[in-house]
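Once you know that position 105 of the sequence shown is 102 in this note's numbering, the rest is easy, because the numbers rise by one and skip nothing.
All C-beta atoms in this analysis are idealised placements derived from N, C-alpha and C, irrespective of residue type, glycine included.
The structure under discussion appears below in the form of structure tokens.
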Amino acid sequence: MKALIVINGYSENRSLLRKVGRLIDALDVYAIDADVEKATRLLALSEGNTGKVLLEGRKYDFCLYLDKDAYLAKALSEAMPLFNSYRSLILSDDKMKTLQALKGTGIKAPKTISAPLCYVENPDPREVTFFLHQVENILSFPLVFKACHGSLGKQVALIKDRHELFSCYRQNRHIPHLYEEYLPYHPGHDYRLFVVGEKVVAAMERINEKDFRSNIALGGRGEDVTKTIPDAYKEVAIRASKELDLLYGGIDIAIGKDGEPIFLEANGNAFFDEIERVTKVDVASLVVNEVLERLKKPKKRTSRKKD
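Following this line, the structure appears as structure tokens:
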């Protein structure tokens, strides 16, 4: 067998490279070779009623898709099995679509308002003012700004007053974004649960004492709670993963006023080097095992070839 691993063409941070290395090691256990390709080197070509990815004659049995380009994901999914799936990427990469997909599931989430589409340079100030006053009245200050597409907490900000709200809107009016109710109970403190095949395999409590965002990339620290996290949090993570069609992913859950789980967001392309380090769980192998189980493909080899 041969696998294709696709990564973003413009970003090669250490967490991504470690993730790729861990997955390659896990594939090697099954004698599966892998090619790593940047998304910028794989052209999704559409022409009339046909479409394909230009792979230069190479054949792959499946793809581990570690990018967020939905157009390329769709094209690849028509050529080979894709993990995570194209549908899961569409639902989990857009924070507002994620929340809409979870409606009616009983999963509790913060009150959230999506920003209306703006494609003009100078929108009518009356319409902007009307919308933002609605945001202020419904959510009150402080409130949270989030770009619909983003990761590592970098496209998230705390808005403290009306001046900051109008300024934030002006800067971000041309990108899909949302405004979210601020949860004051445990700022900088939440849980990251890693789900593989509808099972929570690792859980990390994230604590950041200097920022309301708990992200490890922003200075947060992780503590292993795999065996102690309440079942209610596991149930939310598993239910969300099912609804979002995630074979694997990281589910972020906040702590409510009375300790209840409040869903924050899902990441189908989550890094797992930190949660592996903290929990000592071999997440990479569990992901590969689940992929091969879905494909009904070979078992581990009993011995490796000697050089």
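My understanding is that residue i touches residue j, with C-beta atoms under 8 angstroms, so please give their C-beta distance in whole angstroms.
i    : j    : result
L283 : V198 : 5 angstroms
F138 : I156 : 7 angstroms
M201 : T276 : 6 angstroms
F142 : H174 : 7 angstroms
R84  : D242 : 5 angstroms
E287 : G194 : 4 angstroms
A0   : L79  : Incorrect: roughly 11 angstroms between the Cβ atoms, too far for contact.
Exposed or buried, what is residue i when buried is set at 16 or more other beta-carbons lying within 10 Å of its beta-carbon?
i    : result
P258 : buried
K108 : exposed
E290 : exposed
I4   : buried
L14  : exposed
T225 : exposed
H171 : exposed
R38  : exposed
E53  : exposed
R19  : buried
D304 : Only weak support is given to the placement of D304: the predicted model assigns it a pLDDT of 41, under 50, and the question is left unresolved by the model.
S8   : exposed
Y116 : exposed
K254 : exposed
S43  : exposed
Could you give the residue range of the alpha helix (DSSP H) that holds residue i?
i    : result
F128 : 122 to 136
K196 : Per DSSP, K196 belongs to no alpha helix (DSSP H) and is neither H nor E.
S111 : Not the alpha helix (DSSP H): S111 falls in the beta strand (DSSP E), residues 109 to 111.
L155 : Careful: L155 lies outside any alpha helix (DSSP H), inside the beta strand (DSSP E) at 153 to 156.
C165 : 159 to 169
S238 : 228 to 240
S211 : No alpha helix (DSSP H) contains S211, which DSSP labels as neither H nor E.
Y57  : No alpha helix (DSSP H) contains Y57, which DSSP labels as neither H nor E.
The beta strand (DSSP E) that contains residue i, what's its start and end?
i     : result
A307  : Past the edges of the chain, shown from -2 to 304, lies residue 307, and the structure says nothing about it.
K16   : Counting along the chain, K16 falls outside any beta strand (DSSP E), though it belongs to the alpha helix (DSSP H) covering 11 to 25.
K(-1) : -1 to 4
E262  : 258 to 264
E34   : 30 to 35
S43   : 41 to 44
Give the DSSP bridge partners of residue i, in chain order.
i    : result
Y176 : I110, F142
G246 : V192
I204 : H186, R218
How do the segment 190 to 197 and the segment 123 to 141 stand: do at least 3 beta-carbon pairs fall below 8 angstroms, yes or no?
-> no
Check whether the segment 199 to 211 touches the segment 64 to 78, counting contact only when three or more Cβ pairs, one atom from each stretch, lie closer than 8 angstroms.
-> no
Flag this pair as touching only if the segment 155 to 175 and the segment 245 to 253 have three or more C-beta atom pairs under 8 angstroms; answer yes or no.
-> no
Counting Cβ pairs, one atom from each stretch, are 3 or more of them under 8 angstroms apart for the segment 210 to 225 and the segment 262 to 278?
-> yes
Indicate whether the contact test is met: 3 or more Cβ pairs, each with one atom in the segment 97 to 106 and one in the segment 180 to 187, closer than 8 angstroms.
-> no
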